[in-house]
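To start, the structure under review is shown below, and the notes come after it.
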Amino acid sequence: MTDYRMHILICGGTGCKASDSNGIREKLNYFINEFNLEDEVQVVLTGCFGFCEKGPIVKVLPDNTFYTEVNPSDAEDIVKEHILKGRPVKRLLYKNPKNDYAVTSANNIDFYKKQIRIALRNCGFINPENIEEYIGRDGYAALGKCLTENTPEEVIKEIKDSGLRGRGGGGFPTGLKWEITRYVSADQKYVVCNADEGDPGAFMDRSILEGDPHSVIEAMAICGYCIGADTGLVYIRAEYPLAIERLKIALKQAEEYGLLGNDILGTGFNFKIELRYGAGAFVCGEETALIHSMEGLRGEPTVKPPFPSVSGYMGKPTNVNNVETFANIPVIINKGANWFNKIGTEKSKGTKVFALAGKINNVGLIEVPMGTTLREVIYDIGGGIKDGKEFKSVQTGGPSGGCLTKKFLDTPIDYDNLIAAGSMMGSGGMIVMDEDDCMVSIARFYLEFTLEESCGKCNPCRIGNKRLHEILCRITEGKGTLEDIDKLKVLSDVIKDTSLCGLGQSSPNPVLSTLANFEHEYLAHVNEGKCPAGQCKSLMKYEIIEDLCTGCTLCFRNCPVGAITGERRVAHFIDQSLCIKCGVCFDKCKFNAIKLN
Amino acid sequence: MPKIKLSDSTINIIKGICAEFQNKESELINVLHKTQVKLGYLPAEVQEVIARELHSSVARVYGVVTFYSFFTMIPKGEFPISICMGTACYVRGAEQVLSEFKRQLKVEVGESTSDGKFSLNCLRCVGACGLAPVVTIGEKVYGRVAPTQVKEIIAEYRQGNIQNDVKTD
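Residue numbers (the working numbering), protein chains in the order written: chain A, 27 to 623; chain B, 117 to 285.
As structure tokens, this is what we get:
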């Protein structure tokens, strides 16, 4: 193996790839060849660094220099200045937004300071397409240890002692799930990895599979050893082509190295992993629906019990865990349950990965210890709200979760606290909203999602959510009544109590939590016909203030529908019957001559 | 919908795919994935062939095709446009971008333009939330799209400046 003097790591996650990180790699390699540095410098395309806001990211090791928003055209400078002369390229360094100072080392960036990376330990560090890099970071050591030194019972005890709970949202103790599946006797059992990440705005599972696929493969094999299964299945979204490809490469390499297949490490343990593709149905994240989908059926859930641990895929005992849960397993085995359970809160151990998005400065993927407060996440790591606006709410748990307000900013995040606050952990999406977001239309937005994704099997979810959505539409159009608000509450409770699966049981959460925290906004829509955030189009009207309008024609030229008329230097006029309320005129006007009613 | 007559070669392609999966009914979703990749879409006639090959009912195949959003019975445009309507994109203005695409192309979500050039769809989160709002056209991802850019983007394709999907890998 060549002993490289320097490594240049480029983020190859979906976000950065969309901003041409492949182009950067090509250019870097070109200049490295140009200066005959092939034997000294290695360019590596890694998984996601997490700091998506500033992508594409390039990191130079060993000095840990962190470049942000890099273009392929910057490659020349990086090679000529940094690699050849040892001078970091100043203009590409991350600037601390507080004082505008350039930060050289990644360790000094606020975004990373409070993070502890367990599930994401290798993302942005290794080349996910090279098994040796994973092995070099203690990869497959945990599998080896389990197979050669521990009985399945001992491994399950370790996982139970660690306090690890399911990271897919439910928070069921992982060790217990394994134990239950182990003690069901059957001729065939299955390990299933749920990689059907469907929460809009959550992309941690994809990033783990793209950045560190071997950690999931290793954990599935450990699980197979514990429960007595020789077959693993990964149910993955077809919309994640890059993750699928990296997983396929990883599976092939693991087989070549004898870490999957027959007689693994000479211990007589057999384990193989196959892929099954999802086809875009949110409800398939529910384990019984997921199993039906793997069997080639419509992904409709069934009543539990029987739980999949007893009767799952093809009627056999099946252990279903989520990607992030699996990614924690090898570390727990290597470092011990006692190391892991010291991190986190009393009932939620370890860390959680969150996808931070929305109106926040540092959009990205973060991993923090359980018990970190929302304030730390949003202000210290997330860098606060975009454009200096005011924080209004943070939505956690996706379409099944709720909106938390300012008063919860200092609540330590764990499974139980979030449920007590009227939301849930979910898979870890965190969407930050500011003063410009209307909470009624956010609730409507989520209901729209549920409507589309409801499988239609049970009435409360299929019909109830439809009615909820209709009421919310009425309110956002200014046609709601006070009675509608009462109906929302009653109907939500009925849907929660009577739906068949988790999707329906949690679908009214966005409505209930916005009603609990922002009832005044609902009332403003109903009583005054006003949207306080100015987002509901039917309640909005753009008008030109004649005294302020200079007749510059800028709005006239930019209006996409020709709703604005007027002569140069004469006040303009908006034809309300044509206006689509896109707000372009409002944004373009330099004289504040357009008002929003 | 008018009936389509499948050519013998198309039928053979479908039969081949089914055989690849041992004509097992439990492999239906994999068969549909592969068929859609090959043929672009899954009209009723194709579903009939698949049902026959897998010894299944047309109703069951149709039930699965219509259940999953990934499968389509309508051919996509030469340049399939998808607007991300994930929450992150939504709060950063995806709805305005979508209505601008609808207006410019004069189609609704799920439809194609009459010349077959563009089809318009929504999708749930491509996971590039840092670039919100996101629009994908074929394999190309457009980040931080403003409603005012929509016209330009469409024009680029109309004028043929972008020939076909450029695969990044």
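Think of the CB as a built atom: it goes at the ideal place given N, C-alpha and C, for glycine as much as any other residue.
Note that this is a predicted model, so its numbers are computed, not measured.
Is residue i close to chain B, meaning its C-beta is less than 8 angstroms from at least one C-beta of that chain?
i: residue 451 (chain A); result: no
i: residue 463 (chain A); result: yes
i: residue 580 (chain A); result: no
i: residue 78 (chain A); result: yes
i: residue 669 (chain A); result: Not covered by the structure: residue 669 (chain A). The range shown for chain A is 27 to 623.
i: residue 246 (chain A); result: no
i: residue 338 (chain A); result: no
i: residue 362 (chain A); result: no
i: residue 264 (chain A); result: yes
Would you call residue i buried or exposed, if buried means 16 or more other Cβ atoms sit within 10 Å of its Cβ?
i: residue 547 (chain A); result: buried
i: residue 262 (chain B); result: exposed
i: residue 489 (chain A); result: exposed
i: residue 43 (chain A); result: buried
i: residue 110 (chain A); result: exposed
i: residue 283 (chain B); result: Confidence at residue 283 (chain B) is low in this model, with a pLDDT of 37, below 50, so the placement of that residue should be treated as unreliable; the coordinate-derived value is given next. Looking at its Cβ environment, which holds fewer than 16 other Cβ atoms inside 10 Å, residue 283 (chain B) is exposed.
Report all residues from its chain with a CB closer than 7 angstroms to the CB of residue i; omit the five preceding and five following residues, and keep chain order.
i: residue 199 (chain B); result: 210, 213, 214, 217, 238 and 251
i: residue 572 (chain A); result: 597
i: residue 619 (chain A); result: 570, 571, 574 and 575
i: residue 602 (chain A); result: 567
i: residue 135 (chain A); result: 92, 120 and 129
i: residue 360 (chain A); result: 164, 167 and 168
Does DSSP classify residue i as helix, strand or coil?
i: residue 570 (chain A); result: strand
i: residue 250 (chain B); result: coil
i: residue 395 (chain A); result: strand
i: residue 561 (chain A); result: coil
i: residue 437 (chain A); result: coil
i: residue 226 (chain B); result: coil
i: residue 456 (chain A); result: strand
i: residue 173 (chain B); result: coil
i: residue 282 (chain A); result: helix
i: residue 219 (chain B); result: helix
i: residue 624 (chain A); result: For chain A, the structure presents residues 27 to 623; residue 624 (chain A) sits outside this window and is missing.
i: residue 269 (chain A); result: helix
i: residue 669 (chain A); result: Shown here, chain A extends from 27 to 623; a query on residue 669 (chain A) therefore has no answer.
i: residue 190 (chain A); result: coil
Just to make sure I have the definition right: I need the residues of chain A whose C-beta is within less than 7 angstroms of the C-beta of residue i. Which are they?
i: residue 212 (chain B); result: 608
i: residue 204 (chain B); result: 227, 383, 384 and 457
i: residue 173 (chain B); result: Those do not exist, as residue 173 (chain B) stays about 12 angstroms from chain A at its closest Cβ, beyond 7 angstroms.
Quick check on residue i - is its C-beta less than 8 angstroms from some C-beta in chain A?
i: residue 83 (chain B); result: Residue 83 (chain B) is absent from the model: chain B starts at 117 and stops at 285.
i: residue 271 (chain B); result: no
i: residue 277 (chain B); result: no
i: residue 234 (chain B); result: no
i: residue 221 (chain B); result: no
i: residue 156 (chain B); result: no
i: residue 207 (chain B); result: yes
i: residue 92 (chain B); result: Outside the modelled stretch of chain B, which goes from 117 to 285, sits residue 92 (chain B), for which no answer is possible.
Under 8 angstroms Cβ-Cβ, which residues of chain A neighbour residue i?
i: residue 216 (chain B); result: 586 and 608
i: residue 259 (chain B); result: 44 and 45
i: residue 178 (chain B); result: Under the 8 angstroms cutoff, chain A gives no residues; its nearest Cβ is about 10 angstroms from residue 178 (chain B).
Report all residues from its chain with a CB closer than 8 angstroms to the CB of residue i; omit the five preceding and five following residues, and keep chain order.
i: residue 64 (chain A); result: 58
i: residue 205 (chain A); result: 182 and 186
i: residue 555 (chain A); result: 504 and 565
i: residue 339 (chain A); result: 216, 218, 259, 317, 320 and 321
i: residue 406 (chain A); result: 136, 139 and 140
What in chain A is Cβ-close to residue i, meaning under 9 angstroms?
i: residue 195 (chain B); result: Going along chain A, no residue has its Cβ under 9 angstroms from residue 195 (chain B), so there is no contact; the nearest lies around 17 angstroms.
i: residue 263 (chain B); result: 586, 608, 609 and 610
i: residue 188 (chain B); result: Those do not exist, as residue 188 (chain B) stays about 10 angstroms from chain A at its closest Cβ, beyond 9 angstroms.
i: residue 146 (chain B); result: 302, 303 and 322
Can you pull the chain B residues whose beta carbon is under 7 angstroms from the beta carbon of residue i, in chain order?
i: residue 321 (chain A); result: 142
i: residue 431 (chain A); result: Result: empty, since nearest Cβ-Cβ is about 16 angstroms, beyond 7 angstroms.
i: residue 40 (chain A); result: 242, 243 and 244
i: residue 389 (chain A); result: 245 and 246
If you drop the 5 nearest sequence neighbours on each side, which residues of the same chain put their C-beta closer than 6 angstroms to that of residue i?
i: residue 70 (chain B); result: Only positions 117 to 285 of chain B appear in this structure, which leaves residue 70 (chain B) out of reach.
i: residue 121 (chain B); result: none
i: residue 591 (chain A); result: 599
i: residue 273 (chain A); result: 235 and 239
Identify the contact partners of residue i in chain B, using a Cβ-Cβ distance below 9 angstroms as the criterion.
i: residue 73 (chain A); result: In chain order: nothing, as chain B lies at least about 12 angstroms away.
i: residue 69 (chain A); result: Ordered by position in chain B, no residue passes the 9 angstroms Cβ test against residue 69 (chain A), which lies about 16 angstroms from the chain.
i: residue 602 (chain A); result: Per Cβ cutoff of 9 angstroms: no residues; residue 602 (chain A) is ~17 angstroms from chain B at best.
Run down chain B in chain order and give the residues with a C-beta less than 8 angstroms from the C-beta of residue i.
i: residue 114 (chain A); result: Within 8 angstroms Cβ-Cβ: nothing; residue 114 (chain A) doesn't reach chain B, min ~23 angstroms.
Under 8 angstroms, Cβ to Cβ, is there at least one residue of chain C near residue i?
i: residue 232 (chain A); result: The question asks about chain C, but that chain is absent: this structure's protein chains are A and B.
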